[in-house]
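Visitor:
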Amino acid sequence: MTGTIKKKAFGVAKIGRAKRSAQRSADKAEARQVAPRVQRANSAPVLVVIVGPKNSGKSTLLKSVVKSYTRHNLNGWQATIVVGKEKRLTVVECPDDLSAMIDLSKIADVVLFTVDASFGLEASTFEMISLLQTHGMPKVAAVMTHLDRLKANKSFSKTKKNLKHRIWDELYQGAKVFEMSGVLKSGKYYPRNETKRLGLFLERQKLRPLRWRSEHSYVLCDRADRRGATLECYGWIRGPGRLGAVHVPGVGDFQAPRIDYLEDPLPSFEELRVRGETLKRKRAQTLLYAPMETTTETTAEEEEEEEEEEVTPSLFVGEKKKKKSPPQDVELFPGWENPLDIEEQAEEPPRSSIAAAAAADDNLGGGGGGGGGGVYEEEDEDDFFFSRKAPPDEEDDDVISSFDLDDGVLAAARFRCVERYGGGDALNSSEAAAADDDDEVSRCAEEVDERAANAARKEEASKKKEKEEEEEEGGLATKRILEARLQREASEVTTDAGKYVRISLPVSSLRYDDAKKKPLLICGVLDHEKSRTMACARIRRHRWHPKVLKSRDPVFISCGWRRFETAPIYSIEDRSEKRNRFLKYSPEHMHCLSTFFAPGPVAPNTPLIGFGRRGAFRACMVGVATRMASTSTVVKKLKLQGTPLKIERNTAFVGGTFGSQLEAAKFEGATVKTVSGVRGSIKKALREPPGAFRATFEDKILPSDIVVCRVWVPVAPPAYCAEHEMTARTTSEVRREEQIPVGVDPDSVYKGPVERLPRKFAPHLVPKTLVSQLPRSPRSGTSAPLCGKKPKRNARNCTRLE
């Protein structure tokens with residue numbers, strides 16, 4: 000092929016389509032990106048919250064889970080149990096109280112919804128789902144209870160299926176749903192197999208860190224003691240692990256309380272192994288910690304009365320972990336035995352058959368287990384969780400002696416050496432062969448040097464290209480900075496995370512009984528979240544709230560760690576005029592802006608949810624915070640009316656619009672308009688009477704005209720913000736409870752027909768010269784002028800038309 004290359008022949012046919020295709024590919028690649036979140040090491044127990052309406056089986060489920068792992072009967076609403084080598088669970092029963100539901104929805108790692116299958120889903124379940132959707136959705140599962148109340152007929156499976164799909168519609172498709180067929184004969188627990196199936200689900204959950212919990216530390220108190228005017232609270236620190244100023248929901252803020260670090264009352268088996276502790280502890284002290292609850296150990300008679308045979312929980316967990324653990328001993332060469340294992344087996348005391356089988360599995364690298372099904376002792380329980388360690392060897396482990404190797408291994412090593420370097424005959428080669436070898440070595444050296452130079456040039460070119468790309472697109476440097484920051488945050492050693500602490504709070508308003516009956520949460524507050532301020536949010540009415548929201552009605556809002564009652568006002572943005580116009584009621588099916596007072600600064604993009612006082616479903620609004628404001632930017636329209644006092648051609652003196660000369664002076668230059676449509680402007684305020692002003696108009700106005708001044712005045716929300724339970728009432732609630740009739744304005748009542756006298760207008764005067772030019776003679780009157788006034792001078796030559 001000769002001639003010049005035609006560049007247009009190999010170009011893009013349609014530049015617009017290529018641009019859209021490249022943009023679409025870039026958008027898809029960006030959508031696949033996942034925002035990295037730092038996973039901090041936190042050894043605190045996983046928090047499992049059981050939520051449901053009254054008489055739905057929450058307490059029975061809690062007792063069944065605790066008994067399945069600890070063989071103890073629990074009488075309470077909170078307990079911490081050990082379920083594996085490294086995993087512990089804090090199981091909490093959420094009371095049917097709105098404040099407790101709000102607090103636990105912000106810290107729960109796993110949520111179990113108990114659903115009464117004989118009744119269906121209730122309003123409290125939907126309220127909790129709304130809270131989880133607002134504050135961050137954790138791992139969720141549903142437990143259907145009271146299935147024994149349903150008749151075992153064709154509608155039984157259909158009812159379960161409909162209920163399961165209804166739960167999926169609210170959570171997500173394929174959400175886990177467990178079935179509890181009924182309680183045992185004792186009436187206290189669910190069947191063991193069904194409880195263990197639920198326990199396996201709790202053990203295997205992998206939690207993804209949520210943003211709010213990764214940035215804020217918190218403590219769920221499992222014990223509270225009164226010491227005079229101080230309340231001492233105990234619990235594990237969860238989150239990043241830094242506690243400075245704290246906030247107690249429903250009580251208030253506390254600056255730097257006293258924090259004492261205590262020994263973990265329920266360490267995991269892995270923690271004990273790391274510490275090197277070999278002390279055998281009792282089973283109750285090892286698997287259960289419930290300081291504020293009463294527990295009793297299960298007796299042999301109670302076990303015999305139960306329907307199903309009990310499986311030891313520690314053995315169950317030990318076998319599961321044993322299959323996944325790597326072998327402790329590695330066989331380096333065939334036929335080689337470690338003399339340390341022989342000595343260790345000789346010194347080891349005899350154990351039960353199950354423990355011996357576990358030890359044999361460890362020694363053999365997981366192959367071949369011993370038989371026997373004897374019952375093990377409680378003292379040997381830790382043998383499932385602690386790996387045996389060989390005694391330290393005095394010799395260097397890296398040095399392998401020839402006595403340790405058999406003849407086959409040595410022969411194989413010699414063969415590989417001869418194959419690579421040749422035998423002894425190669426040393427007797429001639430001098431010519433040696434010269435050829437020297438030439439070959441020199442050629443090889445030249446090739447190596449050339450390859451090194453080419454590699455250096457390529458590396459320099461690649462570095463130059465990367466530098467140019469960085470200069471062209473400045474996103475690489477930013478990306479590297481962000482990655483370095485994430486790595487630095489991940490490598491931070493937060494020593495407080497997972498520690499068991501005692502926090503002393505000087506609380507006088509919090510009753511000790513409340514701390515024992517309801518969950519008490521101590522939340523870490525950042526430096527910029529301490530002062531009271533005004534917040535702006537973008538909200539909408541909840542889809543299940545029956546009525547629209549009214550401005551200045553009290554609403555109980557949950558935002559961040561705080562829950563408080565406030566009176567928001569609603570507005571909508573007029574983009575053309577760039578103002579926030581006040582709304583008396585929220586829109587029906589769209590978002591609007593809300594302005595309210597908050598007890599502390601609210602960071603942008605913080606979700607919030609509001610609740611009302613009345614109705615089965617109390618959630619009334621959902622939204623997200625947009626910004627903080629020092630003053631309100633909401634305005635509303637106001638029409639100020641006045642009447643002319645004196646009229647001089649196009650100038651008029653108007654009074655009754657403002658209340659003082661200063662107020663009228665502020666509106667100098669404002670636009671006014673009469674009801675008839677004559678426009679004008681305010682020129683200057685008058686001294687007498689107060690509030691009067693001088694205005695000029697396009698035309699002469701009449702004394703009967705009404706002058707209107709349209710202005711926008713700022714509207715501020717009521718300065719009401721209380722961090723306690725809902726106490727304020729709306730006006731309608733006060734009228735309803737106090738039986739107060741609605742006030743009636745007398746001016747709004749119809750008084751019958753209004754009698755008005757007919758108005759007489761002045762006659763029209765037409766010049767006689769103009770009348771003489773008319774094609775026909777008009778009707779003329781000779782009566783006197785109206786209102787008894789004399790005609791003007793220029794009226795002599797005029798004709799009055801009737």
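Numbered per numbering that gives the first Met the number 0, the sequence shown finishes at 801, counting up by one with no gaps.
Even for Gly, the Cβ is constructed at its ideal location relative to N, Cα and C.
1. What's the call for N192, buried or exposed, on a 16-neighbour Cβ count within 10 Å?
2. Taking 9 Å as the cut-off, decide whether the C-beta atoms of Y217 and W543 are in contact.
3. Evaluate contact between the stretch 580–597 and the stretch 758–770, counting only Cβ atoms and requiring at least three cross-stretch pairs below 8 Å.
4. Could you tell me which of N649, V674, L685 and T642 sits nearest to E662, measuring between CA atoms?
5. My assumption, with CB atoms under 8 Å, is that S117 sits in contact with L149. Please give the rounded CB distance.
6. Which residues in the same chain have their Cβ closer than 7 Å to the Cβ of K195, if we skip the five residues on either side of it in sequence?
7. From K84 to S267, what distance separates their C-alpha atoms?
8. So if DSSP puts Y499 in a beta bridge, which residue, or which two residues, is it bridged to?
9. Within the chosen definition, does the stretch 166–183 reach the stretch 75–92 through at least 3 CB pairs nearer than 8 Å?
10. Can you check which of these residues, G251, K672, V707 and V743, is closest to S530 by C-alpha distance?
11. In angstroms with no decimal places, state the Cα-to-Cα distance between K7 and E449.
12. Excluding the 5 residues flanking P312 on each side, which residues of the same chain have their C-beta closer than 7 Å to its C-beta?
13. Going by CA-CA distance only, name the one from L639, K638 and G654 that's closest to K645.
14. Can you grab the Cα-Cα spacing for the pair V674 / P643, in whole Å?
15. Would you check if the distance between the CB atom of L261 and the CB atom of R501 is smaller than 9 Å?
16. Give the DSSP-derived three-state secondary structure of K7 in the structure shown.
17. Does any residue of chain D have a CB that is nearer than 9 Å to the CB of G198?
18. Which residue from V65, L61 and M627 puts its Cα closest to that of T144?
19. Specify, as a first and last residue, the run of the beta strand (DSSP E) that N579 falls within.
20. Whole angstroms is fine: what's the gap from P745's alpha carbon to E722's?
21. Determine the direct distance from the alpha carbon of E270 to that of P391, and round the result to whole angstroms.
22. Is it buried or exposed, W711, if we count other Cβ atoms within 10 angstroms and call 16 or more buried?
23. In angstroms, rounded to a whole number, what distance separates the CA positions of L520 and D102?
24. Can you check whether the CB of I705 is closer than 9 Å to the CB of A694?
25. Taking 9 Å as the threshold (C-beta atoms), are S98 and K672 in contact?
26. Cβ atoms of T113 and V90: under 9 Å apart, would you say?
27. Look up R16 in the DSSP assignment and say whether it is helix, strand or coil.
28. Between the C-alpha atoms of V554 and C619, what's the straight-line distance to the nearest angstrom?
29. Closest by CA to M533, which one among I14, Y719, Q738 and Y499?
30. Once you ignore the five residues that flank S104 on each side, which residues in its own chain have a CB closer than 7 Å to its CB?
31. Helix, strand or coil for Y816? Go by DSSP, reduced to three states.
32. For a test of the three-state rule: what should DSSP assign to E465, helix, strand or coil?
33. If you compare alpha carbons, which of L46, R709 and K699 is closest to L637?
34. Put S213 into one of helix, strand or coil per three-state DSSP.
35. Could you check whether the Cβ of G251 sits closer than 8 Å to any heavy atom belonging to the ligand NAP?
36. Could you spell out where the beta strand (DSSP E) holding N72 opens and where it closes?
Guide: Checking against the coordinates, here is how it stands:
1. Locating residue 192 in the sequence shown gives position 193, where the first residue counts as 1. So N192 counts as exposed.
2. Residue 217 sits at position 218 when you count from the first residue of the sequence shown. Residue 543 sits at position 544 when you count from the first residue of the sequence shown. Their beta carbons are not under 9 Å apart, which means Y217 does not touch W543 by this criterion.
3. no
4. Position 663 of the sequence shown holds residue 662. Taking only the C-alpha atoms, the option nearest E662 is L685.
5. For the purposes of this step, residue 117 is identified with residue 118 of the sequence shown, where counting begins at 1. For the purposes of this step, residue 149 is identified with residue 150 of the sequence shown, where counting begins at 1. Confirmed, about 6 Å.
6. By 1-based counting over the sequence shown, the position of residue 195 is 196. Cβ neighbours of K195 beyond the five flanking positions: S67.
7. Here the question's residue 84 lines up with position 85 in the sequence shown. Here the question's residue 267 lines up with position 268 in the sequence shown. Going by the C-alpha atoms only, they are around 6 Å apart.
8. Counted from its first residue, the sequence shown places residue 499 at position 500. In the DSSP output, where bridge partners are listed per residue, Y499 has W235 and L261.
9. no
10. Residue mapping note: residue 530 aligns to position 531 of the sequence shown, counting from 1. Looking at the Cα atoms, G251 is the closest of the given residues.
11. Taking the first residue of the sequence shown as 1, we reach residue 7 at position 8. Taking the first residue of the sequence shown as 1, we reach residue 449 at position 450. Using only the alpha carbons, I get a separation of about 40 Å.
12. Within the sequence shown, numbered from 1, the residue matching residue 312 stands at position 313. Because the pLDDT at P312 is just 37, under 50, the model does not fix this residue reliably, and the point stays unresolved.
13. What you label residue 645 is simply residue 646 of the sequence shown in a count that begins at 1. Out of L639, K638 and G654, G654 has the C-alpha closest to the C-alpha of K645.
14. Here the question's residue 674 lines up with position 675 in the sequence shown. Here the question's residue 643 lines up with position 644 in the sequence shown. Answer to the nearest angstrom: the Cα atoms are 12 Å apart.
15. Looking up residue 261 in the sequence shown gives position 262. Looking up residue 501 in the sequence shown gives position 502. Yes, these two residues count as a Cβ contact at 9 Å.
16. Here residue 7 refers to the residue found at position 8 when the sequence shown is read from its first residue. Three-state result, K7: helix.
17. Protein chain content of the structure displayed is limited to a single chain, and chain D is not contained in it.
18. Translated into the one-based positions of the sequence shown, residue 144 becomes position 145. Nearest of V65, L61 and M627 to T144, Cα basis: L61.
19. If you number the sequence shown from 1, residue 579 lands on position 580. Run containing N579: R578 to L582, per the beta strand (DSSP E) assignment.
20. As a first step, residue 745 must be located in the sequence shown, where it is residue number 746. As a first step, residue 722 must be located in the sequence shown, where it is residue number 723. Near 41 Å, if we compare the C-alpha coordinates of E722 and P745.
21. Along the sequence shown, read from residue 1 onward, the residue named residue 391 stands at position 392. Along the sequence shown, read from residue 1 onward, the residue named residue 270 stands at position 271. The predicted position of P391 is uncertain, since its pLDDT is 41 and thus under 50; no value can be drawn from it.
22. Here residue 711 is taken as the residue at index 712 of the sequence shown, counted from 1. Classification of W711: exposed, given that the 10 Å Cβ count is below 16.
23. Residue numbering aside, residue 520 sits at position 521 when the sequence shown is read from its first letter. Residue numbering aside, residue 102 sits at position 103 when the sequence shown is read from its first letter. For L520 and D102, the distance between alpha carbons rounds to 7 Å.
24. Along the sequence shown, one-based indexing puts residue 694 at 695. Along the sequence shown, one-based indexing puts residue 705 at 706. Going by C-beta atoms, A694 is not nearer than 9 Å to I705.
25. Counting from 1 along the sequence shown, the entry for residue 672 is found at position 673. Counting from 1 along the sequence shown, the entry for residue 98 is found at position 99. Not a contact, by the Cβ cut-off of 9 Å.
26. Here residue 90 refers to the residue found at position 91 of the sequence shown. Here residue 113 refers to the residue found at position 114 of the sequence shown. Contact flag unset, no.
27. Counted from its first residue, the sequence shown places residue 16 at position 17. In the structure shown, R16 sits in a helix (DSSP, three-state: H, G or I).
28. Numbered from its first residue, the sequence shown carries residue 554 at position 555. Numbered from its first residue, the sequence shown carries residue 619 at position 620. Near 8 Å, if we compare the C-alpha coordinates of C619 and V554.
29. As a first step, residue 533 must be located in the sequence shown, where it is residue number 534. The candidate whose alpha carbon is nearest that of M533 is Y719.
30. Within the sequence shown, residue 104 is the residue found at index 105, counting from 1. For S104, where only same-chain residues beyond five positions count, the Cβ hits under 7 Å are M127, L130, L131 and H134.
31. The first residue shown for the chain is 0 and the last is 801, placing residue 816 beyond what the model contains.
32. Taking the sequence shown and counting its residues from 1, the one referred to as residue 465 is at position 466. Helix, per DSSP.
33. As a first step, residue 637 is located in the sequence shown; it is residue number 638 there, counting from the start. Measuring from the Cα of L637, the nearest candidate turns out to be R709.
34. One-based indexing of the sequence shown puts residue 213 at position 214. DSSP places S213 in helix when its eight states are reduced to three.
35. Absence of the ligand NAP from the depicted structure is noted, as is the absence of any ligand whatsoever, leaving it without description.
36. The residue you call residue 72 lines up with position 73 of the sequence shown. Element bounds for N72: H71 to N74.
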